[in-house]
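To start, the structure itself, in structure tokens.
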Amino acid sequence: MSQSSPGGSSDHPRTGRADIAGYLLAAVVLIVGGGLLSKPTPILNWLVGPGIAVICVAVTVRIGRRRSRGQGRPDDESGAAE
Amino acid sequence: MSWAAHELESYILHKHVKTKVSYLAILLGCLLPDMLTKLPVYGISIGSFSFKPDVAWMYHRGWPGVGFTHSLMFALVPGLLVLLVFKSREWALGLVIGTAAHVLTDVFDSVGTMLFFPFTTQHYSTQMWAYAAQEGRYGDAAAYYTGLGLVWDLFWLVLVLCHFSSLRSSYFFEKVATSDPVWGWLRRRLHMPDRLLLALYRAYFIYGACRIFGWSLWNQVHEKAPYDLTWNGPDWVVKATVPGVPFSEFARSTAVGALGLFVTCWVLWLLIGRRLWLRAIPVELPADGASPEPEPDADDADEPAIPAQRPAPATDSAASGSAASQEPPSKL
Chain Z
270 MSQSSPGGSS DHPRTGRADI AGYLLAAVVL IVGGGLLSKP TPILNWLVGP GIAVICVAVT
330 VRIGRRRSRG QGRPDDESGA AE
Chain V
95 MSWAAHELES YILHKHVKTK VSYLAILLGC LLPDMLTKLP VYGISIGSFS FKPDVAWMYH
155 RGWPGVGFTH SLMFALVPGL LVLLVFKSRE WALGLVIGTA AHVLTDVFDS VGTMLFFPFT
215 TQHYSTQMWA YAAQEGRYGD AAAYYTGLGL VWDLFWLVLV LCHFSSLRSS YFFEKVATSD
275 PVWGWLRRRL HMPDRLLLAL YRAYFIYGAC RIFGWSLWNQ VHEKAPYDLT WNGPDWVVKA
335 TVPGVPFSEF ARSTAVGALG LFVTCWVLWL LIGRRLWLRA IPVELPADGA SPEPEPDADD
395 ADEPAIPAQR PAPATDSAAS GSAASQEPPS KL
């Protein structure tokens with residue numbers, strides 16, 4: 270999923286739709302979960318909170334990749350949003 | 095104490111430091127003063143053992159207590175240790191900057207920090223919002239996010255959004271990853287794909303931003319504490335404050351503290367710091383360096399954007415001279 274930066278020669282993985290979905294999912298989990306479940310859970314803890322963000326992105330990227338492969342498209346090529 | 099500001103400021107600091115510095119070190123520095131001190135402030139109990147300080151602010155920010163962790167002098171300790179053990183300039187500088195930023199950010203609550211400890215125990219505080227750690231984690235959160243602490247965190251959030259380029263993947267792979275071999279290590283040893291590394295870099299922004307709204311929502315749903323955006327508010331909480339001192343004593347303490355800090359830093363630099371700094375080798379990672387030996391990764395077919403190996407150190411800067419280039423590379 271490497272794409273050339275516009276005007277640049279470097280190949281960086283770009284933020285695709287799956288990544289954005291992951292960040293949005295993390296935001297929902299942290300805000301809603303934090304708002305409702307802060308007391309019984311350590312969801313807004315300085316280790317758990319960022320961990321949730323990373324896990325959400327990992328899960329959505331994996332799902333996005335599987336869906337792309339299932340549809341015979343290269344891995345999330347069209348998903349570059351940045 | 096500040097909450098989300100400590101995570102968010104790390105992105106701004108990395109963006110504005112004009113030399114190579116490790117983002118992870120800045121982040122760690124921003125969290126370090128509270129890492130081992132904040133939990134006991136709220137009270138901990140493990141089995142039959144329980145601990146809660148009688149005076150929360152005195153333990154957290156004062157002396158006797160662990161208030162020395164919130165001083166500018168303390169910021170030098172992790173930096174010097176990293177220079178000594180790991181010989182990494184980027185990490186040493188990052189830790190100093192991050193820790194100092196935490197100390198300065200905490201000046202804004204009603205207790206403040208002992209900036210010039212151990213030369214003076216004078217607290218420096220703008221009293222912008224109430225320090226309420228004595229109310230426990232949830233009382234503290236409610237007080238912070240119903241007072242000007244909320245505005246403070248939102249200010250930092252807006253500041254990061256104004257520097258949105260620091261969150262872009264190009265910035266991460268060209269500026270962040272190339273300043274710190276740890277990212278390459280994470281990719282090589284833990285087989286983390288580049289997009290996951292990028293997510294890890296952005297995670298504390300997501301967390302910092304979301305905790306502002308998460309705690310605010312929690313306050314609306316559970317605590318229902320009223321908003322009070324006045325200076326030194328909210329008034330509904332019993333705030334901790336340090337006793338005031340006459341201006342003459344304040345000025346004398348400040349002069350002694352600032353002079354003591356300056357002289358000590360200078361002497362430390364001459365005796366230890368300069369030698370350790372010259373012995374350390376600045377990291378030289380290519381901006382878009384493809385791995386010389388890319389490892390096959392079934393889960394991530396991408397070409398790695400982070401170099402898998404740290405190249406042999408290049409000739410050091412003019413300050414270090416040719417001797418430094420003969421030193422082994424840093425362990426980080």
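For the protein sequence lines, the chains are Z and V, in the order given. Going by this note's numbering, the first residue of the first sequence is number 270, and it counts up by one from there. Going by this note's numbering, the first residue of the second sequence is number 95, and it counts up by one from there. Note that the Cβ used here is the ideal one computed from N, Cα and C, for glycine as well. Computed from a predicted model, the values in this text were never measured in an experiment.
Asked	Found
To which residues of the same chain is P311 (chain Z) closer than 6 Å at the C-beta, ignoring the five residues directly before and after it?	V317
Counting beta carbon pairs with one atom in the region 197–212 of chain V and one in the region 160–180 of chain V, are three or more of them shorter than 8 Å?	yes
In chain Z, which residues lie less than 7 Å from V315 (chain V) when you measure between Cβ atoms?	G304, L305
Interface residues of chain V around G291 (chain Z) at Cβ under 8 Å?	A293
Would you tell me roughly how many angstroms separate the C-alpha atoms of K146 (chain V) and F202 (chain V), rounded to the nearest one?	24 Å
At a CB-CB cut-off below 8 Å, which residues of chain V make contact with T310 (chain Z)?	The premise fails here: T310 (chain Z) is roughly 11 Å from chain V at the closest Cβ pair, so nothing lies under 8 Å.
Under three-state DSSP, which class holds A169 (chain V)?	helix
Ignore the nearest five residues each way along the sequence and tell me which others in A345 (chain V)'s own chain have a CB closer than 6 Å to its CB.	none
At which residues does the beta strand (DSSP E) containing F143 (chain V) begin and terminate?	143–145
Determine the burial state of R368 (chain V): buried for a count of at least 16 other Cβ atoms within 10 Å of its Cβ, exposed for fewer.	exposed
Assuming the contact rule is C-beta atoms closer than 8 Å, L379 (chain V) and T272 (chain V) should be a hit. Round their C-beta distance to whole Å, please.	4 Å
In chain Z, which residues lie less than 7 Å from Y136 (chain V) when you measure between Cβ atoms?	Those do not exist, as Y136 (chain V) stays about 12 Å from chain Z at its closest Cβ, beyond 7 Å.
Residues of the region 211–237 of chain V with a CB closer than 7 Å to any CB of chain Z: list them in chain order, please.	Y232
Quick one: list the residues of chain Z neighbouring R305 (chain V), beta-carbon separation under 8 Å, in chain order.	L299, G303, L313, G318
Taking beta-carbon pairs under 7 Å, can you tell me which members of the region 100–123 of chain V lie near chain Z?	none
Tell me the residue span of the alpha helix (DSSP H) that contains P337 (chain V).	Neither: P337 (chain V) is in no alpha helix (DSSP H) and is coded neither H nor E.
Can you find the residues in the same chain that come closer than 8 Å, C-beta to C-beta, to T113 (chain V), ignoring five residues on each side of it along the sequence?	L187
Is W185 (chain V) helix, strand or coil by DSSP?	helix
Just to confirm before moving on: does the CB-CB distance between P275 (chain V) and H196 (chain V) stay below 8 Å?	no
Is S307 (chain Z) helix, strand or coil when you go by DSSP?	coil
For chain V, check one thing: does any of its Cβ atoms lie closer than 8 Å to the Cβ of R286 (chain Z)?	no
Closest Cβ-Cβ distance between V328 (chain Z) and chain V: below 8 Å?	no
Quick one: Cα of R335 (chain Z) to Cα of W309 (chain V), how far?	35 Å
Got a sec? Which residues, its chain only, sit under 7 Å from M152 (chain V) by beta carbon, not counting five neighbours each side?	G159
Is D247 (chain V) closer than 8 Å to M95 (chain V) when the C-beta atoms are compared?	no
Does any residue of chain C have a CB that is nearer than 8 Å to the CB of W312 (chain V)?	Considering every chain present, this structure includes no chain C. Its protein chains are Z and V.
Nearest-angstrom Cα distance between P319 (chain Z) and S342 (chain V)?	46 Å
Reducing DSSP to helix, strand and coil, say where T348 (chain V) ends up.	helix
Shorter than 8 Å from the beta carbon of A297 (chain V) to some beta carbon of chain Z?	yes
Using the rule of at least 16 other Cβ atoms within 10 Å of the residue's Cβ for burial, across every protein chain shown, is Q216 (chain V) buried or exposed?	buried
Would you tell me roughly how many angstroms separate the C-alpha atoms of H100 (chain V) and L364 (chain V), rounded to the nearest one?	31 Å
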